[in-house]
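Report on one structure; see the data block that follows.
There are 2 protein chains.
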Amino acid sequence: MDFSEEIKKRAKKIEKELETYINTEEVPEKKLNEAVIYSLMSGGKRIRPILMLEAFKLFAKRKEEIMPYAVAMEMLHNFSLIHDDLPGIDNDDFRHGKPTNHKMFGESTAILAGDSLFNKSYLVIAQSLIKETNKNKVEAFYEFSKAADRMIVGEYVDTDFEGKPISAEYLEYIHKNKTAALIVASIRIGAIIAGAPVQDLEKLTKYAEKIGIAFQIRDDILSEIGDEKILGKPVGNDVKRKKSTYVTKYGLETAKNILHTTTKEAVEIVETYGEKGKFLKELAIFIENREK
Amino acid sequence: MDFSEEIKKRAKKIEKELETYINTEEVPEKKLNEAVIYSLMSGGKRIRPILMLEAFKLFAKRKEEIMPYAVAMEMLHNFSLIHDDLPGIDNDDFRHGKPTNHKMFGESTAILAGDSLFNKSYLVIAQSLIKETNKNKVEAFYEFSKAADRMIVGEYVDTDFEGKPISAEYLEYIHKNKTAALIVASIRIGAIIAGAPVQDLEKLTKYAEKIGIAFQIRDDILSEIGDEKILGKPVGNDVKRKKSTYVTKYGLETAKNILHTTTKEAVEIVETYGEKGKFLKELAIFIENREK
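Protein chains in written order, with this note's numbering: chain A, 1321 to 1612; chain B, 1321 to 1612.
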């Protein structure tokens, strides 16, 4: 099977799971729920939960409650997109080829739909802990909340630097927090719940940091030269907005070189797992070359 | 000691605890942290954590990790105020006698400061669970996340009805969720962590529902006829904005009557605890008569 087909298959599985959390009841807050569903179910690659499940698979000795954490992570990610797109922040009109949440439901509902989805991510974790509590699951909850904190910090520093010159150090700080934090946490949570040994957890964390940065560099490149139709959002705005990205900072060619080196380093880490690490290896290459 | 002095003394204790969570480090997100601190430390009655600690005291057999939950609840409440005040939602300029968060720090920072504070509430709970996990603390986490969900729903339905006529049923739905949910959860979490028997938990929940509604009615009354200087925000805007409140719906006198009856019912519940229930009884009366 083609790797992008494999990704799609796994994304479908996540989406089926997400659907079980959807509420279409005739309640006074029906429109709020619709706004939540609109963003949560509007596509996306579902890379974070896919990574979590794969890291779990690599070490799992028995069946565990990993899926609620995968769902929570995808909720957290989608909440962050709703708020990032807001008129008060990035003021974006399109996401995944569709109008952004506030364009569809209005600003007030979009703010609260973001809050609601954010909270639901923790509600799902709480429900899972009520069902069964153990040390690893509590640690995973802690990882999750630390990563969410970092993601918000990254988004903040990013907006703070918009239109201002930025040092390499700050650019890395933004992406380490804004993008890499959730990717790293996804892999770590999968490994932690599976009870992975400390050395493996450290190794996978390094891999995750690298693909997290690679993911962001590819994002920056696509944001500059991607295909608007495939990407589902306008391209070429970062330079105009003086947004600090790998491309606006280093130029396209250097950005591509950093992306390639980073990906190669990530691949080398998971190659040590041989056949078992094959999916994570192909995923790193997939991230380097993705068109959306 | 005068009861309002007692409240102030307890609020000070909470504030000392909140201060231990403040981050003034020289980090790239320093201004974000300042925005968080600005709202978290800008006063307020600290009623929710005070209620939680009192409910805990009523049943506690041994020392427990209650304080992190009290801190988390106050963080959650303050996050909700930041987002409610946003230009995209209520567009309020003053809170506790000071400019609202977005007036001080800008809209983008205020949205993210709200998100950050919201997340920190869960981070504090996660840290506490890492320190010691038990069934009651996990249940308290679940209560917390359910109440947060309800609070956001209440805020949404409230904004959805702005400028529209509202039924008594919907008005109750809004306040049950927007205001009462966190008050009820505060008391329940205190009792749950202390290991209170089910019958007591049910009794206290009824008390909490009543003071939660009373709290909101008093809010609506103060919003109409309160002293701007004591209240720290403009009054008399609800009618202009066609906001749905107990006062705009029922008129001032009827609102006062509902408030009094509700308070009396709450008082009767905690009177069954005799001397031990004295603080909760006085608190209900305090809520009925508060000037801010």
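Every residue gets a Cβ at the ideal spot worked out from N, C-alpha and C, and that includes glycine.
On a predicted model such as this, the values are computed, not experimentally measured, just so you know.
Spatial neighbours of residue i in its chain, beta-carbon cut-off 8 Å, leaving aside the 5 residues before and after
i                : result
P1419 of chain B : D1413
A1511 of chain B : A1375, F1376, L1378, F1379, D1520, L1521, L1524
Y1490 of chain A : V1477, F1481, S1564
S1487 of chain A : none
R1561 of chain B : E1482, G1483
A1604 of chain A : Y1527, K1530, I1531, A1534, T1583, A1586, V1587, V1590
L1449 of chain B : K1457, V1458, F1461
N1398 of chain B : S1359, L1360, G1364, L1437
E1339 of chain B : M1361
V1504 of chain B : A1467, T1525, A1528, E1529, G1532
G1295 of chain B : The structure shown has nothing for residue 1295 of chain B, since chain B only spans 1321 to 1612.
Identified DSSP bridge partners for residue i
i                : result
F1464 of chain A : Paired residue(s): none; F1464 of chain A is not in a bridge.
F1414 of chain A : A:P1419
Cross-chain neighbours of residue i in chain A, by beta carbon under 7 Å
i                : result
A1468 of chain B : N1439
E1349 of chain B : V1473, Y1476, V1477
Y1389 of chain B : Within 7 Å Cβ-Cβ: nothing; Y1389 of chain B doesn't reach chain A, min ~13 Å.
A1446 of chain B : F1461, Y1462, S1465
Y1493 of chain B : P1348
Y1490 of chain B : P1348
Y1442 of chain B : Y1442, S1465
Proximal residues to residue i (C-beta, below 7 Å), its chain only, five neighbours per side dropped
i                : result
S1436 of chain A : L1352, V1356
R1470 of chain A : N1497, A1501
E1602 of chain B : F1323
D1404 of chain A : D1410, E1475
I1342 of chain B : I1357
A1468 of chain B : L1396
G1417 of chain B : G1552
L1432 of chain B : L1352
S1543 of chain B : V1555, D1558, T1565
M1387 of chain B : E1337
A1430 of chain B : A1355, I1402, L1406, N1421, H1422
E1427 of chain A : L1406, P1407
Contacts of residue i in chain A (Cβ-Cβ under 8 Å)
i                : result
T1583 of chain B : Per Cβ cutoff of 8 Å: no residues; T1583 of chain B is ~26 Å from chain A at best.
H1403 of chain B : I1431, L1432, D1435
S1564 of chain B : Within chain A, no residue comes near S1564 of chain B; the closest Cβ sits about 12 Å away, beyond 8 Å.
Within chain A, partners of residue i - CB distance below 9 Å
i                : result
N1427 of chain B : Checking the displayed sequence, the identity of residue 1427 of chain B turns out to be Glu instead of Asn. Near E1427 of chain B (Cβ distances below 9 Å), the residues of chain A are L1406, P1407, G1408, I1409.
D1480 of chain B : P1348, E1349, K1351, L1352, S1428, T1429
Close-in-space but distant-in-sequence residues of the same chain around residue i (CB under 6 Å, 5 per side omitted)
i                : result
F1599 of chain A : E1374
I1550 of chain B : E1611, K1612
A1514 of chain A : F1376, F1379, A1380
I1370 of chain B : R1330
S1506 of chain A : R1368, L1371, M1372, M1393
D1540 of chain B : T1565, Y1566, V1567
V1444 of chain B : P1388, V1391, A1392
I1509 of chain A : M1372, Y1389, A1460, E1463
K1440 of chain A : M1395
heavy atom of the ligand GTP below 7 Å from residue i C-beta
i                : result
A1392 of chain A : Among the components of this structure there are no ligands whatsoever, and the ligand GTP is therefore not found.
Interfacial residues, the region 1405-1421 of chain A to chain B, with Cβ spacing under 8 Å = Cβ contacts with chain B come from L1406, P1407, G1408, I1409.
task = Please go through the region 1354-1383 of chain B and give each complete alpha helix (DSSP H) segment of 4 or more residues, from N-terminal end onward.
result = Residue ranges of uninterrupted alpha helix (DSSP H) with 4 or more members, entirely inside the region 1354-1383 of chain B and ordered along the chain, are 1367-1379.
Against chain A: residues of the region 1448-1462 of chain B by CB proximity under 8 Å = Within the region 1448-1462 of chain B, the residues whose Cβ lies closer than 8 Å to some Cβ of chain A are L1449, I1450, T1453, K1455, V1458, E1459, F1461, Y1462, listed in chain order.
ask   = Which runs of the alpha helix (DSSP H) fall wholly inside the region 1514-1568 of chain B and span at least 4 residues, in chain order?
value = Here the runs fully enclosed are 1518-1545, 1548-1551, 1557-1560.
Length at least 4, wholly inside the region 1424-1470 of chain A: the alpha helix (DSSP H) runs in chain order = Note on the region 1424-1470 of chain A: whole alpha helix (DSSP H) runs with a minimum of 4 residues are 1427-1451, in chain order.
4 or more residues per run - each alpha helix (DSSP H) lying fully within the region 1565-1609 of chain B = You should have 1566-1570, 1572-1591, 1598-1609.
request  = Return the chain-ordered ranges of every alpha helix (DSSP H) run that is complete within the region 1476-1506 of chain A and spans a minimum of 4 residues.
outcome  = Counting whole runs of 4 or more residues, the region 1476-1506 of chain A contains the alpha helix (DSSP H) stretches 1488-1495.
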